[in-house]
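Q: Could you have a look at this structure, given as structure tokens, before my questions?
Chains as they are written, first to last, in my numbering: chain A, 1 to 104; chain B, 1001 to 1413; chain C, 2001 to 2163; chain D, 3001 to 3367.
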């Protein structure tokens, strides 16, 4: 038995869909952010496995791309969590169900 | 090397293990040597840590006793050397209380998990030439990454205890770890810039090759790393996460028995880890300007490690504790700018060196002197800039008066 | 990749990653969810290692497990009166259906497509190569990323600052 | 954008490492800032004032040992002075000097403890405490060789002192005084220029002089705020009017100033002791006083500058062998009054330091 590209892609696909479900269905804003992070990870895993199995050996573009994704994800996480805290301060909740006003 | 490299030559402990692996590789399946080397290496590291712990739990108390004009433990065995064993027995036999409203799973998992990252750090540290469990080519980054994960078990301990003081302590610890990670990374980056590699053995080899230690080339970085490391291991000048005068015992307030013992032990292990990293990265690891040909490298390394740990004990015996906001401010306002300047200067120097193809013997002493001077000037100047100088109007001692009734208060006094 | 070690490592890490991700969905306590998320991140880092992407794996541990997760924990603790029960909204069923469809689609594409795999070994060392690529070929995105980080930092500070 | 955060209550004590006993400080916090502080005392209440009304004047002296158990000599002295004032007893000159000697040694011992525990609140890991205990031990040895007890001395008696000093007292005391300046210099080197202590205690827990006077604070807390006041000079008792010494005062009224004042008082105490040992006259150390002393009906208040501040005893006699009313004006308790104003706006670590710089002993607060 050996491990091939397909295995990694399947893991990535499942991880992505779990993240998608979390992002779509969770009520807590922080929970949604967690789903987005899971999706980022799935994408990164896919990129790295392509880089390992498909691209020519000297090319690290996949890795570089992942580094960029991680960077942007960190920035996004900081901003999103700051937003969550601000929303909480104004509304005393971060339940998506109850953040339904267009203005406050 | 004049090593005979016979399997019984203990100057390199890798020799007997190598012989064992050779035998296994000849006669067993091909994965067996990997598994055996991993297990043997891990057990060696854990045994080394436990022995060091037992020794230093006693040494620290004796040394602190000397610093504090008292004797220290002296009842169990000659000079009290078996005190740590008695303590260990006490930790194991005491009741490990679990309060009713704690979060059971996390409360039990935290003391176990907290030791893991610290143990893993030792996997990439070379105890001697070739005596390294996993010579990762991103060793420096690995050390930092693993160090940053320690925040999680500590948070788990504080949160699951269901105690205000525990939670406060845990939040302080996490905030501290995050803040001090930055100066720590930047301090180590200076080394990477000079050595051109993140492999621990490579850094040691670079220092050996150029007959210098990076402490001379990066004095400011050593200081920054030492301070950041002290914060990470949570010892006295920076032990605000368990400041007993404020928040009782911080994140391990609710722990007792062997569960508390795990936190206590991890603190020591983390101290050894920071000392070992400094010894490897800044003090030439297992090399000592040729002495390693005669003395086993691992003894040199351990001597440096224990010497640095002694420094932590000394600090503990001397310094008071900072307030949390002062400590955070120190990281962001003081260490971070200095670390940035340091890394800039290091980059500039390496650029000059490489671009002009200068001989190492010619430039490195110059760099060393320049960096030392720069470090001194920067520290003083930046402290002045931040206004840390004493207000000139304020007397350094209490004023002495003879008459009564009046009030001396305020600036002009 | 057919030596025993890689295969065992892959399966263990996959199960750990996906199991932890499922637990993120399943557990009722938000703090537990964050901790399982961290476990999942670490599993992904392990998978990177099996793909001989050591630099990225370490960066994953450093940034995701060490920094982003701590940010999430802080966010959870800074919103003390919000629900901590990790419950779902009314979109639970549609979300489940959509997620399943996406999984099936991507999985099918992944398996059906001929990816034109090159027969090649592992990278000898990625850190140096990534460094050179970042400062040479990808220097413009690198600079932009730094600007994004700066903007995010300033934005977060401005948002949360009390005045 | 407004910050909506709910205040929460942190209980420092009754069982807490930094409360010096059983004392409870209810801090209402808004985030890190203290918005209100409530002091809850009484966990150590022993009903001393009531108990004293059922005992004779002499029997009450051991009670005073248990007030501020770190400076028993001073407490004995203040109580005996009140009784002597009530009964009109004159103490011989040698007794007066012995009282001064013991009181000043007690001040050094108490301030050593106060400075050390203040440093402990700042987070020093026992080193100053152990160093200062070294000298405190020697002082307690002196007490032991004089009266047999180390902490609860019961030494000062109505009409004088219980025993004259033994012959080995003088050389030991002189040897101690000889090394004290060097030791004090050591403490100063360890603590006074320490950057962290400066950062922690300067401009923290500021007590304005007018508030200090209004809340009738006394001792180093008052002098730290820059008020020149010392009962040893203002209302000299025992032999203080014949001794020369200075009063240290602070400039800003913060924790660091109180620490500096105590540090300097160590030096001044050494100075007083050297003079007192030189001037110690011969003669009887005490006059005979009947055990069941019956002072004439009336009232008396006597006060001394105890190490912690003004310690006063107010006695009312109805002519019987028992005091009709026995009231203690204890410095620790009254110095606690401005604590709320000092800690509001600070953080918990600062509050702990402020409490440490006031130097309370709960035996005296609760009585």
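Cβ atoms here follow ideal geometry from the backbone N, Cα and C, with glycine treated the same way.
Answer with yes or no whether the minimum CB distance from residue 43(A) to chain C is below 8 Å.
A: No, residue 43(A) does not count as interfacial toward chain C.
Q: Is residue 3114(D) helix, strand or coil when you go by DSSP?
A: The answer is helix: DSSP assigns residue 3114(D) an H, G or I state.
Q: Would you kindly work out how many angstroms separate the C-alpha atoms of residue 2090(C) and residue 25(A), rounded to a whole number?
A: Whole-angstrom Cα-Cα distance: 7 Å.
Q: If you measure between the beta carbons of residue 3371(D) and residue 3153(D), is that distance less than 8 Å?
A: Because chain D in this structure spans residues 3001 to 3367, residue 3371(D) falls outside the shown range and cannot be described.
Q: With a CB to CB cut of under 8 Å and the five nearest residues on each side skipped, what residues in its chain are close to residue 43(A)?
A: Here the set comprises 12, 16, 69.
Q: Is the separation between the beta-carbon of residue 1193(B) and that of residue 2070(C) shorter than 8 Å?
A: No, these two residues do not count as a Cβ contact at 8 Å.
Q: Determine, using beta carbons only, whether residue 2061(C) comes closer than 8 Å to chain B.
A: Closer than 8 Å to some Cβ of chain B, the Cβ of residue 2061(C) qualifies, so yes.
Q: Is residue 63(A) buried or exposed, if buried means 16 or more other CB atoms sit within 10 Å of its CB?
A: The residue in question, residue 63(A), is buried, as its Cβ has 16 or more Cβ neighbours within 10 Å.
Q: Which one or two residues does DSSP pair with residue 3008(D) in a beta bridge?
A: DSSP output for residue 3008(D) lists 3029(D) as bridge partner(s).
Q: If we count Cβ pairs, one from each stretch, closer than 8 Å, do we get three or more for the segment 3087-3104 of chain D versus the segment 1208-1218 of chain B?
A: These segments do not touch.
Q: Helix, strand or coil: which one does DSSP assign to residue 3317(D)?
A: Note: residue 3317(D) maps to strand in three-state DSSP.
Q: Taking residue 3316(D) as the reference, give the member of 3326(D), 3308(D), 3309(D) with the closest Cα.
A: Residue 3326(D) is the option with its Cα nearest to residue 3316(D).
Q: Checking 8 Å against the spacing of the C-beta atoms, do residue 1222(B) and residue 1282(B) come in under that value?
A: It is a contact, given that the beta carbons lie within the stated cut-off.
Q: Round the Cβ separation of residue 1053(B) and residue 1265(B) to the nearest angstrom and send it over; I've been treating them as touching at under 8 Å.
A: Yes, residue 1053(B) and residue 1265(B) are in contact; Cβ-Cβ is about 6 Å, under 8 Å.
Q: Output yes if chain D places a C-beta closer than 8 Å to the C-beta of residue 1402(B); else output no.
A: Yes, its Cβ sits closer than 8 Å to a Cβ of chain D.
Q: Under the three-state reduction of DSSP, which class applies to residue 1209(B): helix, strand or coil?
A: The answer is helix: DSSP assigns residue 1209(B) an H, G or I state.
Q: Residue 1068(B) and residue 3130(D): beta carbons closer than 8 Å?
A: Yes, these two residues count as a Cβ contact at 8 Å.
Q: Run through chain B and tell me which residues come within less than 8 Å of residue 3016(D), C-beta to C-beta.
A: By Cβ distance, chain B contributes 1248.
Q: Chain D beta carbons: is any one of them nearer than 8 Å to that of residue 1073(B)?
A: Output row for residue 1073(B): interface = no.
Q: Run through chain C and tell me which residues come within less than 7 Å of residue 1137(B), C-beta to C-beta.
A: Neighbours of residue 1137(B) on chain C, chain order: 2054, 2125, 2127.
Q: Who are the near neighbours of residue 3038(D) in its chain, counting only those whose CB is closer than 7 Å to its CB and skipping five residues on each side?
A: Correct list, in chain order: 3026.
Q: To the nearest angstrom, how far is it from the Cα of residue 1294(B) to the Cα of residue 1313(B)?
A: Residue 1294(B) and residue 1313(B): Cα-Cα distance of roughly 30 Å.
Q: Go ahead and pull the three-state DSSP assignment for residue 3308(D).
A: Residue 3308(D): coil per DSSP, three-state reduction.
Q: For residue 1155(B), return the contacting residues in chain C, with the cut-off set at a CB-CB distance below 7 Å.
A: Neighbours of residue 1155(B) on chain C, chain order: 2073.
Q: Along the chain, where does the alpha helix (DSSP H) containing residue 1172(B) start, and where does it finish?
A: Looking at the DSSP string, the run of the alpha helix (DSSP H) that includes residue 1172(B) is 1164-1195.
Q: Alpha carbon to alpha carbon, how far is residue 2062(C) from residue 41(A)?
A: Roughly 14 Å between the two C-alpha positions.
Q: Grab the span of the alpha helix (DSSP H) containing residue 1066(B) for me, first residue to last.
A: 1032-1067 is the extent of the alpha helix (DSSP H) around residue 1066(B).
Q: From this set, 1302(B), 1016(B), 1409(B), 1364(B), which residue's C-alpha is nearest residue 1350(B)'s C-alpha?
A: That would be 1364(B), whose Cα lies nearest to the Cα of residue 1350(B).
Q: Give a yes or no on whether the C-beta atoms belonging to residue 1087(B) and residue 1055(B) are separated by under 8 Å.
A: Not a contact, by the Cβ cut-off of 8 Å.
Q: Using the C-alpha atoms, what's the distance from residue 1189(B) back to residue 1017(B)?
A: Using only the alpha carbons, I get a separation of about 33 Å.
Q: Locate the beta strand (DSSP E) running through residue 3248(D), then write down its first and last residues.
A: Taken as a continuous stretch (DSSP letters only), the beta strand (DSSP E) holding residue 3248(D) covers 3247-3249.
Q: Secondary structure at residue 60(A), three-state DSSP: helix, strand or coil?
A: The answer is coil: DSSP assigns residue 60(A) none of H, G, I, E or B.
Q: Checking contacts by CB at 8 Å: is residue 1083(B) closer than that to chain D?
A: Not one chain D Cβ lies under 8 Å of residue 1083(B).
Q: Using a Cβ-Cβ distance under 8 Å, would residue 2004(C) count as near chain B?
A: Taking Cβ atoms only, chain B reaches closer than 8 Å to residue 2004(C), which makes this a yes.
Q: In the DSSP output, what is residue 2088(C) paired with across the bridge?
A: In the DSSP output, where bridge partners are listed per residue, residue 2088(C) has 26(A).
Q: Quick one: measure Cβ to Cβ for residue 3057(D) and residue 3293(D), integer angstroms, because I've assumed they're closer than 8 Å.
A: With a Cβ gap of about 5 Å, residue 3057(D) and residue 3293(D) count as contacting.
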